[in-house]
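Asker: Sharing a structure, written as structure tokens. Questions coming.
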Amino acid sequence: MAMLLCGKRANAPFFWEKLNIRLYSLEEVCYVIRKYPLIAVDGLVGEAFADWVGTSGLSDALSKELLEGIRGGESSENLLLTVVQTANYLTMGEIRALSETLTRVRSMKPYDRLRLTGKMYYEAGRLSAAFERFREALCEREKALGHGPDELELAIFQADRADILCDMVAVAMLRFDVPGALKLLDSIGSAGRFRRAEEYRYLITGDAFLSEEDKDALKEKKRKLEMKARTTGRAKKVKDLSGGDYVKFASYAGNVLREWKQEYRRTV
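Okay, so the sequence shown: first residue is 1 according to the working numbering, each after it adds one.
See below:
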């Protein structure tokens with residue numbers, strides 16, 4: 001039965017607002033679950049999803065099993081595993097790894113789970129959701145500090161806090177929010193103490209508490225990334241077309257700009 005599900009494609013997609021994507025098959029669903037498990041566990045498999053599995057013709061049996069599980073109070077983790085096991089798309093090793101991840105996440109401290117979820121949103125390009133999860137992680141980390149911490153506990157807290165703030169800086173930089181990024185870096189304090197913070201500061205301002213060797217390494221890394229951006233993908237094609245037929249160039253460049261705008265909107 002499960003093997004028959006492979007390759008089936010729904011006529012109408014399931015829209016998942018958390019990642020702003022449309023899913024047409026159980027293979028696509030399994031890929032998303034494996035790649036973004038902490039986002040998927042937060043409501044992907046609900047009654048709307050279970051209904052879609054049935055009405056789209058993908059699997060009446062799976063739809064019924066999911067609905068029974070949802071109404072019977074089954075955990076989100078087990079519902080996700082039901083989907084991937086039935087679809088027979090992931091390998092046994094991938095399913096086992098997914099199960100271990102979901103089990104491990106249950107025992108995580110709230111700020112660690114929120115931060116990991118934020119990283120998955122960041123990887124998915126959902127920058128507003130990533131920033132919000134990092135902000136929540138920071139609040140939870142501050143709550144966990146307690147009263148009268150000893151010297152070691154305080155040092156660990158400061159390092160954790162700096163790392164989470166740097167996660168937020170990374171989001172701000174991708175959103176071209178330079179003032180916001182610098183404000184976050186300033187709030188870290190202890191200049192020169194946290195390397196990651198100083199690296200971000202150097203990339204933004206060109207000035208930081210780093211050795212000349214480290215600065216040169218960052219310059220080279222930045223140069224290579226800029227070169228790659230200019231010489232690969234759509235940017236390269238726009239450049240190649242710019243010296244030829246103007247109509248083709250204008251048409252392609254216009255399409256690229258529209259796609260970039262759509263991609264940017266998906267980050268919010």
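All C-beta atoms in this analysis are idealised placements derived from N, C-alpha and C, irrespective of residue type, glycine included. None of these values were measured; they are calculated from a predicted model.
Just to check my reading of the structure: PHE194 and ALA162 have Cβ atoms closer than 8 Å, yes? What is that Cβ distance to the nearest angstrom?
Answerer: Residue numbering aside, residue 194 sits at position 194 when the sequence shown is read from its first letter. Residue numbering aside, residue 162 sits at position 162 when the sequence shown is read from its first letter. About 4 Å; that satisfies the 8 Å criterion.
Asker: Contact between the segment 79-91 and the segment 120-138 is defined here as three or more beta-carbon pairs at a separation below 8 Å; is this criterion met?
Answerer: At 8 Å Cβ cutoff, the stretches do not touch.
Asker: Of the choices TYR36, LEU90, LYS221, whose alpha-carbon is the least far from that of LEU203?
Answerer: Numbered from its first residue, the sequence shown carries residue 203 at position 203. Measuring from the Cα of LEU203, the nearest candidate turns out to be LYS221.
Asker: Taking Cβ to Cβ, would you say LEU127 is nearer than 8 Å to ARG175?
Answerer: As a working mapping, residue 127 is identified with position 127 in the sequence shown. As a working mapping, residue 175 is identified with position 175 in the sequence shown. In this structure, ARG175 lies closer than 8 Å to LEU127 by Cβ.
Asker: Hey, would you say ARG115 sits closer than 8 Å to ASP167, going by beta carbons?
Answerer: Translated into the one-based positions of the sequence shown, residue 115 becomes position 115. Translated into the one-based positions of the sequence shown, residue 167 becomes position 167. Yes, the pair counts as a contact, with Cβ atoms nearer than the cut-off.
Asker: Measuring alpha carbon to alpha carbon, tell me which of TRP52, LEU90, LEU38 ends up nearest CYS30.
Answerer: Residue numbering aside, residue 30 sits at position 30 when the sequence shown is read from its first letter. Out of TRP52, LEU90, LEU38, LEU90 has the C-alpha closest to the C-alpha of CYS30.
Asker: So, at 8 Å on beta carbons, what are the nonlocal neighbours of LEU19 in its own chain, with the 5 sequence-adjacent residues on each side left out?
Answerer: As a working note, residue 19 is residue 19 in the sequence shown. Correct list, in chain order: VAL32, TYR36, ILE39, ALA124, ARG126.
Asker: Could you pull out every residue in the same chain whose Cβ sits closer than 8 Å to the Cβ of LEU98, ignoring the five residues on either side in sequence?
Answerer: Sequence index remark: in the sequence shown, residue 98 carries index 98 (1-based). ILE33, ARG34, PRO37, LEU80, LEU81, VAL84, LEU90, listed in sequence order.
Asker: Excluding the five sequence neighbours on either side, which residues of its own chain have a C-beta within less than 8 Å of the C-beta of ALA159, listed in chain order?
Answerer: Taking the sequence shown and counting its residues from 1, one reaches residue 159 at position 159. Cβ neighbours of ALA159 beyond the five flanking positions: PHE194.
Asker: Take GLU199 as the anchor and find which of LEU218, ALA12, VAL41 has the nearest alpha-carbon.
Answerer: To locate residue 199, count along the sequence shown from 1; it is residue 199. Ranking LEU218, ALA12, VAL41 by Cα distance to GLU199 puts LEU218 first.
Asker: Could you check the C-alpha separation between ASP60 and LEU67 for me, to the nearest Å?
Answerer: On the sequence shown, position 60 is the one that residue 60 refers to. On the sequence shown, position 67 is the one that residue 67 refers to. Rounded to whole angstroms, ASP60 to LEU67 spans 11 Å at the Cα level.
Asker: Give me, in chain order, the residues of the same chain whose beta-carbon lies closer than 7 Å to that of LEU58; leave out the 5 immediate sequence neighbours on both sides.
Answerer: Indexing the sequence shown from 1 puts residue 58 at position 58. LEU5, LYS8, ALA10, LEU26.
Asker: Does DSSP put PHE209 in a helix, in a strand, or in coil?
Answerer: Within the sequence shown, residue 209 is the residue found at index 209, counting from 1. Here PHE209 sits in coil by DSSP.
Asker: Should ARG265 be labelled buried (16 or more other beta-carbon atoms within 10 Å of its own) or exposed?
Answerer: Indexing the sequence shown from 1 puts residue 265 at position 265. Only weak support exists for where ARG265 lies, its pLDDT of 45 falling under 50; the value from the coordinates is given anyway. ARG265 comes out exposed.
Asker: Cα separation between TYR122 and ALA172?
Answerer: Here the question's residue 122 lines up with position 122 in the sequence shown. Here the question's residue 172 lines up with position 172 in the sequence shown. Their backbone Cα atoms lie some 11 Å apart in a straight line.
Asker: Which ranges would you report for the alpha helix (DSSP H) in the segment 100-187 if only whole runs of at least 4 residues count?
Answerer: Entirely contained in the segment 100-187, the alpha helix (DSSP H) runs reaching 4 residues are, in chain order, 110-123, 127-143, 151-174.
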